[in-house]
DNA sequence: CTCCATCTGGTACGCAAGTACATGTACAAG
DNA sequence: CTTGTACATGTACTTGCGTACCAGATGGAG
């Protein structure tokens with residue numbers, strides 16, 4: 001549907017192509033995991049020939065790293081909204097708990113982040129990436145609590161994240177609000 | 001080295017063999033991840049021919065599930081020690097923080113547990129397994145705090161676990177103790 | 001226009017994987 | 001001892017993978 005000409009050949013657009021590939025890879029990480037990523041899967045999803053994936057990324061590790069970096073950027077962008085919401089909040093713990101509930105609304109997010117954690121555990125070059133979200137959260141929370149409290153709250157939220165992954169019940173919002181209140185002093 | 005006869009053929013011992021395969025698979029999950037598991041890898045590590053792995057486990061999913069179940073059992077067994085240590089402790093949060101620090105001493109444990117989480121996220125039949133450790137911890141903590149506090153503390157420890165995975169600095173023990181004190185009321 | 005680096009698209013090669021299977025061996029029942 | 005069943009072991013088959021590579025198209029520089 002994006003093909004401009006019926007001859008089946010795509011217009012020349014290197015940057016757009018690279019972006020489409022990265023985005024497709026990002027989607028697939030959520031669906032099949034980092035380990036499940038293959039050139040062919042990405043190419044099919046992105047609507048490009050197989051060769052394109054190896055042309056733009058020297059190896060599959062490169063490709064997955066690019067995908068994870070892209071996903072991380074999206075997560076960080078989401079944090080800006082958190083910062084804004086907390087800025088004008090009278091009850092920071094309650095607002096934070098609500099934001100987390102929304103965040104977990106689609107399992108995909110939690111899965112993506114945990115995938116990033118395990119990938120980073122085994123590939124040191126990904127560690128900074130895996131720290132980005134948590135560090136950003138701590139930075140935001142530092143405006144509303146002492147550094148130690150901010151770090152503790154961020155750790156708790158990470159725990160809540162992985163908990164949500166293996167449980168079907170929705171998040172216990174009042175309990176989370178209470179815990180955050182305690183940690184943020 | 002375990003071969004009793006120099007003819008190269010193993011003695012007949014179905015249960016022992018099954019156990020050796022499961023244990024080898026458990027080790028490998030820690031080294032290469034659930035997704036990195038292969039029949040050949042397991043067979044080589046267990047010192048059995050390739051065919052043995054498919055004889056005892058109908059599919060690779062069966063095999064990895066058995067390995068994860070085995071690992072979970074070991075983790076739960078470790079929890080008994082936690083229960084005993086907390087039983088006779090004057091400062092429960094401090095003791096708990098110390099136990100966690102020991103637990104994280106080898107990255108393997110943290111990795112194993114996180115691997116289990118992501119595997120369970122994608123394979124519902126593994127979810128009960130993934131909940132086992134956390135539920136056990138909550139049960140133990142319930143003896144020293146209210147249910148809500150116990151659950152919060154368990155979530156925090158899960159968060160600390162994944163944090164440790166992507167950071168090189170050792171655990172901040174005093175901070176963890178303080179946080180646990182707040183959560184356990 | 002000509003030329004050439006860059007991009008596109010298809011195909012091929014070598015390899016490792018899951019799984020099936022055929023054959024051989026031990027052990028207990030009869 | 002014979003026999004049948006459960007186990008042991010090596011090999012073969014098919015599939016899908018990463019990656020390399022070739023040939024054509026494109027579009028700007030000179």
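Protein chains in written order, with the UniProt record's numbering: chain A, 1 to 185; chain B, 1 to 185. Glycine included, each C-beta is placed from N, C-alpha and C at the ideal position.
- For residue 173 of chain B, the uninterrupted alpha helix (DSSP H) segment begins and ends at 173-183.
- Annotated three-state conformation of residue 163 of chain A is helix, per DSSP.
- For residue 61 of chain A, the uninterrupted alpha helix (DSSP H) segment begins and ends at 60-87.
- Within the region 155-166 of chain B, those residues whose Cβ lies closer than 9 Å to any Cβ of chain A are, in chain order, 155, 156, 157, 158, 159, 160, 161, 162, 163, 165 and 166.
- The Cβ atoms of residue 141 of chain B and residue 150 of chain B sit closer than 8 Å to each other.
- Under the 8 Å criterion on CB atoms, residue 56 of chain A is classed as non-interfacial with respect to chain B.
- Closest by C-alpha distance to residue 84 of chain A, out of A:16, A:165, A:144 and A:11, is A:144.
- When Cβ-Cβ separations below 8 Å define contact, residue 179 of chain B makes contact with chain A.
- Nearest to residue 169 of chain A by C-alpha distance, out of A:12, A:104, A:68 and A:26, is A:104.
- Residues of the region 111-122 of chain A whose Cβ lies closer than 7 Å to any Cβ of chain B, in chain order: 111, 114, 115, 117, 118, 120, 121 and 122.
- Contact check for residue 182 of chain A against residue 11 of chain B fails: the beta carbons are separated by 8 Å or more.
- Residue 132 of chain B is not a Cβ neighbour of residue 165 of chain B, given a cutoff of 8 Å.
- Pairing residue 159 of chain A with residue 157 of chain B gives a Cβ-Cβ distance under 8 Å.
- Look at residue 144 of chain A here: in three-state DSSP terms it is coil, with no helix or strand label.
- In terms of Cα proximity to residue 55 of chain B, the closest of B:46, B:72, B:18 and B:80 is B:18.
- The residue among A:33, A:163 and A:148 with its C-alpha nearest the C-alpha of residue 65 of chain A is A:33.
- Following the DSSP letters along the chain, one finds residue 54 of chain A inside the alpha helix (DSSP H) bounded by residues 50-56.
- In the three-state scheme derived from DSSP, where H, G and I count as helix and E and B as strand, residue 20 of chain A is classed as helix.
- Contacts with chain B at 8 Å (Cβ-Cβ) include residue 35 of chain A.
- Distance between residue 28 of chain B and residue 121 of chain A, taken at the CA atoms: about 15 Å.
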